[in-house]
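Enquirer: Chains A and B supply the protein sequences, listed in that same order. To convert, count from 1 in the first sequence and add 2; that's my numbering. To convert, count from 1 in the second sequence and add 48; that's my numbering. Note that CB positions come from ideal geometry on N, CA and C, so glycine has one too. The structure displayed is predicted, hence computed values, not measured ones.
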Amino acid sequence: MSDIKISIRDLHVRYKDGKYPLRGITMDIIANKTNVVFGPAGGGKSTLIRVLNRLIDLSDVEDIKGEVLLDGVNILAPEIDVIELRRRVGVVFSRPIPLPLTIFENISFGLEVAGEKDKRKIARKVEHALRQAVLWDEIYDRLDYPASSLSGGQQQRLCLARVLALEPEVILLDEPTSALDPVSTAKIEDFLKIAEKDYTFLLAPHNQQQAARVADYAAFFLQGKLVEYAVGEELFFNPKKKETSDYIQGRFG
Amino acid sequence: MKKTEKWITNTIRIAGSSSIFFVMMIFIFLMREGIPALHDVSIGRLLSKRWYPIEDLYGILPLISGSLIVTITSMVIALPFGLGTAIYIGEIAPQGVKEILKPLVEVLAGIPSVVLGFIGILVLSPLMRTGLNLPTGLTALTGAILLALISIPTIVSIAEDALYAVPASYREAAYALGATQWQIIWQIVLPAARSGILNAVMLGVGRSLGETMAVMMVTGNAPTLFSGLEAFISPVRTMTATIASEMGEVASGSTHYRILFFIGIILFFFSLIINVASSSLSVRPKRGKDQVVS
């Protein structure tokens, strides 16, 4: 086993409206690997992702119990600097949400709010992030266009690029390819494999084929509980639990 | 097309074109009554500094200056408060507070201006007189404060709607990038709501410029030209107040009567400029907007 980046211990999340999406999750997220959480809708994948960078704070949460240790520090503790945490743990949402700014500003925004003032440094980081997200060659001559002028696949890579520009340690991807065509999807999946050495990924794939393609480690979530957790190939080809194999073989889901 | 369909279409067409027709008629009437004023009184005399119709002195500059002083000052007061309140209600206030404040502001917007004018005379004006040690509390500043109170609810209500229309996903995406609430309001939400906020500002200006009753009650109605800082604490008279107070007494068709209509034309053009300015400012430069880059 490699290093553990995030360690989740008995995590419960309950919303004010009575929904109870996470019911005692205990799992590890391995550093510099693609960690996949998959399972049918409503299993708690998105909630888990929202907990890991504390975006959950924006929702009406009744209570959160348990521990989430990022490099050994509990990020659910009240004294944690949430802003700092969100720079270390970036997120790409299922639908591309470009901010209503230009392409360049979409990326420089995160750097500027982090206090970066040196224009040359910002320009360099923007270019680097766009190259990493395999977008630079397509748009380098129209950085001052509104981000909304990009195609869906380009917008999603832009959203990835603006996360990368902050040089995070962990990148959460919540069904990042659900709104994309196969070519754009492949570009994002390729990126995961290339960038693994620099980042820790947690991916909620939008289908099981994708899960099988990219997973180094995989966790099967069902109705707020972790059913099974294993090395990717093992889980997909030799599941131990009946629910997992039923889901993988398409008996429900 | 079926007969009833045709009938309905025609009715709607008549209803729609009739409103244009009425607006045109009002405009033509205004022009017909007001433009001949230029025959009776030369432009040079119109642009003189004395408004004293009994002695045939028709200088409208003091009236324009009165309207401008009162309107601009009221906006200087109303905009920070109005936009600040809108941002508070829209972005910062907890849900419960928001649900109380929003309807409260709507109620404020519905108070008749004559009632506010009454409060202006009874409360604000004596306060101004004693507070600033003036000979009279009926001043441009009194009118401006009152107008600010009248236009703030309009500004708040429309600006808040504009903020509300900004998708929540923008805020969430910006939070996820490590922005603070204030950075998000300032750099994402306000620019995204820009056209709606400009609209709110312009409607506030329009409300302020066109307000008659409250202004007439508290500004003292002395047609004096702007002459330095003390103009703010002296009585002034606005264009609207002049028309409202004098129209009842003039002989129809007289020079004075035509000039009052001419003032109406000037007011009309001020409003037109505001409307055109707001609609042209609120359109974003569209460079490459609708084009898919790939």
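One question on the structure: do Arg285 (chain B) and Pro271 (chain B) come within less than 7 Å of each other, judged by their Cβ atoms?
Expert: Counted from its first residue, the second sequence places residue 285 (chain B) at position 237. Counted from its first residue, the second sequence places residue 271 (chain B) at position 223. Against a cut-off of 7 Å, the Cβ pair of Pro271 (chain B) and Arg285 (chain B) comes out as a contact.
Enquirer: I think Leu228 (chain A) touches Glu245 (chain A), with their Cβ atoms under 8 Å apart; what is that distance to the nearest whole Å?
Expert: Here residue 228 (chain A) refers to the residue found at position 226 of the first sequence. Here residue 245 (chain A) refers to the residue found at position 243 of the first sequence. Their Cβ separation, rounded to whole angstroms, is 11 Å, which puts Leu228 (chain A) and Glu245 (chain A) out of contact at 8 Å.
Enquirer: What residue range is occupied by the uninterrupted beta strand (DSSP E) comprising Val172 (chain A)?
Expert: Position 170 of the first sequence, counting from 1, holds the residue named residue 172 (chain A). Unbroken beta strand (DSSP E) run through Val172 (chain A): Val172 to Asp176.
Enquirer: Report yes if the C-beta distance between Ser326 (chain B) and Gly252 (chain B) is below 7 Å; otherwise report no.
Expert: Walking along the second sequence from the start, residue 326 (chain B) turns up at place 278. Walking along the second sequence from the start, residue 252 (chain B) turns up at place 204. No; because the gap between Cβ atoms is not below 7 Å, this pair is not in contact.
Enquirer: Please compile the residues from chain B whose C-beta is within a distance smaller than 8 Å of the C-beta of Ala125 (chain A).
Expert: Start at 1 with the first residue of the first sequence, and residue 125 (chain A) comes out as number 123. None at all; the shortest Cβ gap to chain B is about 18 Å.
Enquirer: Within this structure, are the beta carbons of Leu246 (chain B) and Leu186 (chain B) separated by less than 7 Å?
Expert: As a position in the second sequence, residue 246 (chain B) is number 198, starting the count at 1. As a position in the second sequence, residue 186 (chain B) is number 138, starting the count at 1. No; because the gap between Cβ atoms is not below 7 Å, this pair is not in contact.
Enquirer: Please state whether the Cβ-Cβ distance between Ala167 (chain A) and Leu113 (chain A) is less than 7 Å.
Expert: Within the first sequence, numbered from 1, the residue matching residue 167 (chain A) stands at position 165. Within the first sequence, numbered from 1, the residue matching residue 113 (chain A) stands at position 111. Yes, Cβ-Cβ distance for Ala167 (chain A) and Leu113 (chain A) is below 7 Å.
Enquirer: Could you check whether the region 102-119 of chain A touches the region 72-82 of chain A, counting it as contact only if at least three pairs of C-beta atoms, one from each stretch, sit closer than 8 Å?
Expert: The region 102-119 of chain A is not in contact with the region 72-82 of chain A.
Enquirer: Would a C-beta distance cut-off of 7 Å place Leu194 (chain B) and Gly158 (chain B) closer than the cut-off?
Expert: Locating residue 194 (chain B) in the second sequence gives position 146, counting from the first residue. Locating residue 158 (chain B) in the second sequence gives position 110, counting from the first residue. No.
Enquirer: In or out: Arg253 (chain A) buried (at least 16 other Cβ within 10 Å) or exposed?
Expert: If you number the first sequence from 1, residue 253 (chain A) lands on position 251. So Arg253 (chain A) counts as exposed.
Enquirer: Spell out whether any CB of chain A is found under 7 Å from the CB atom of Leu329 (chain B).
Expert: Along the second sequence, one-based indexing puts residue 329 (chain B) at 281. Closer than 7 Å: no.
Enquirer: If we ignore side chains and look at the alpha-carbon of each, how far apart do Ile322 (chain B) and Met250 (chain B) end up?
Expert: The residue you call residue 322 (chain B) lines up with position 274 of the second sequence. The residue you call residue 250 (chain B) lines up with position 202 of the second sequence. About 6 Å.
Enquirer: According to DSSP, is Val341 (chain B) part of a helix, a strand, or is it coil?
Expert: Walking along the second sequence from the start, residue 341 (chain B) turns up at place 293. Summary for Val341 (chain B): the model assigns pLDDT 41, below 50, so the residue's position carries little reliability; its value from the coordinates is reported in the next sentence. Note: Val341 (chain B) maps to strand in three-state DSSP.
Enquirer: Name, in chain order, the residues that DSSP records as bridge partners for Lys67 (chain A).
Expert: The count along the first sequence starts at 1 and reaches residue 67 (chain A) at position 65. Beta-bridge pairing links Lys67 (chain A) to A:His14.
Enquirer: Taking 8 Å as the limit between beta carbons, can you name the residues of its chain near Pro170 (chain A), skipping five residues before and five after?
Expert: Indexing the first sequence from 1 puts residue 170 (chain A) at position 168. Contacts found: Arg89, Arg90, Val91, Gly92 and Tyr201.
Enquirer: Using a Cβ-Cβ cut-off of 7 Å, state whether Gly144 (chain B) counts as contacting chain A.
Expert: Along the second sequence, read from residue 1 onward, the residue named residue 144 (chain B) stands at position 96. Output row for Gly144 (chain B): interface = no.
Enquirer: Report the start-end ranges of each alpha helix (DSSP H) in the region 269-307 of chain B that is 4 residues or longer and not cut off at the edges.
Expert: Counting only runs of 4 or more, we get 287-294.
Enquirer: Counting C-beta neighbours from all protein chains within 10 Å, is the total for Trp99 (chain B) 16 or more, i.e. buried, or is it exposed?
Expert: In the second sequence, the residue the question calls residue 99 (chain B) occupies position 51. The residue in question, Trp99 (chain B), is buried, as its Cβ has 16 or more Cβ neighbours within 10 Å.
Enquirer: Quick check on this structure: which residue in B:Ile120, B:Ala262, B:Leu109 and B:Met73 has the alpha carbon closest to the alpha carbon of Pro345 (chain B)?
Expert: Since the first residue of chain B shown is 49 and the last is 342, residue 345 (chain B) is not available in this structure.
Enquirer: So what does DSSP say about Thr260 (chain B), is it helix, strand or coil?
Expert: Counting from 1 along the second sequence, the entry for residue 260 (chain B) is found at position 212. The answer is coil: DSSP assigns Thr260 (chain B) none of H, G, I, E or B.
Enquirer: Measuring only the C-alpha atoms, how far is Gly165 (chain B) from Ala134 (chain B)?
Expert: By one-based count along the second sequence, residue 165 (chain B) stands at place 117. By one-based count along the second sequence, residue 134 (chain B) stands at place 86. Whole-angstrom Cα-Cα distance: 25 Å.
Enquirer: In its own chain, which residues sit with a C-beta less than 7 Å from the C-beta of Asp146 (chain A), not counting the 5 before and 5 after it?
Expert: Taking the first residue of the first sequence as position 1, residue 146 (chain A) is located at position 144. Within the same chain, Asp146 (chain A) has close Cβ partners Thr104 and Phe106.
Enquirer: Leaving out the 5 sequence neighbours to the left and right, which residues in its chain are closer than 7 Å to Asp209 (chain B) when beta-carbon positions are compared?
Expert: In the second sequence, counting from the first residue as 1, residue 209 (chain B) sits at position 161. Correct list, in chain order: Gly244.
Enquirer: Check whether the Cβ atoms of Ala267 (chain A) and Val38 (chain A) sit closer than 7 Å, and answer yes or no.
Expert: Nothing can be reported for residue 267 (chain A), as the shown portion of chain A is limited to 3 through 255.
Enquirer: In the structure shown, what three-state DSSP assignment does Leu224 (chain A) receive?
Expert: Here residue 224 (chain A) refers to the residue found at position 222 of the first sequence. In this structure, Leu224 (chain A) counts as strand in the three-state DSSP scheme.
Enquirer: For Gly44 (chain A), go through chain B and note every residue whose CB falls closer than 8 Å to its CB, in chain order.
Expert: Walking along the first sequence from the start, residue 44 (chain A) turns up at place 42. Neighbours of Gly44 (chain A) on chain B: none; closest Cβ ~20 Å, over 8 Å.
Enquirer: In chain order, which alpha helix (DSSP H) runs of at least 4 residues are fully inside the region 101-169 of chain A?
Expert: Counting whole runs of 4 or more residues, the region 101-169 of chain A contains the alpha helix (DSSP H) stretches 105-115, 121-134, 138-141 and 154-166.
Enquirer: Excluding the 5 residues flanking Arg159 (chain A) on each side, which residues of the same chain have their C-beta closer than 6 Å to its C-beta?
Expert: Taking the first residue of the first sequence as 1, we reach residue 159 (chain A) at position 157. Once the five neighbours on either side are set aside, the close Cβ partners of Arg159 (chain A) are Ala135 and Leu137.
Enquirer: Should Met72 (chain B) be labelled buried (16 or more other beta-carbon atoms within 10 Å of its own) or exposed?
Expert: The residue given as residue 72 (chain B) occupies position 24 in the second sequence. By the 10 Å Cβ count, Met72 (chain B) comes out exposed.
Enquirer: Should Pro102 (chain A) be flagged as near chain B, meaning a C-beta pair shorter than 7 Å?
Expert: Mapped onto the first sequence, residue 102 (chain A) falls at position 100. Yes, Pro102 (chain A) lies at the interface with chain B (some Cβ there is under 7 Å from its Cβ).
Enquirer: Just the C-alpha distance for Arg335 (chain B) and Ser151 (chain A), rounded to the nearest angstrom, thanks.
Expert: The residue labelled residue 335 (chain B) in the question sits at position 287 within the second sequence. The residue labelled residue 151 (chain A) in the question sits at position 149 within the first sequence. Per-residue confidence for Arg335 (chain B) stands at a pLDDT of 45, beneath the threshold of 50, marking its modelled position as unreliable; no derived number is given.
Enquirer: Please list the partners that Gly112 (chain A) has in chain B, where partner means a Cβ-to-Cβ separation under 8 Å.
Expert: Taking the first residue of the first sequence as 1, we reach residue 112 (chain A) at position 110. Correct list: Leu225, Gly226 and Ala227.
Enquirer: Identify the contact partners of Asn55 (chain A) in chain B, using a Cβ-Cβ distance below 8 Å as the criterion.
Expert: The residue given as residue 55 (chain A) occupies position 53 in the first sequence. What Asn55 (chain A) touches in chain B: Ala224.
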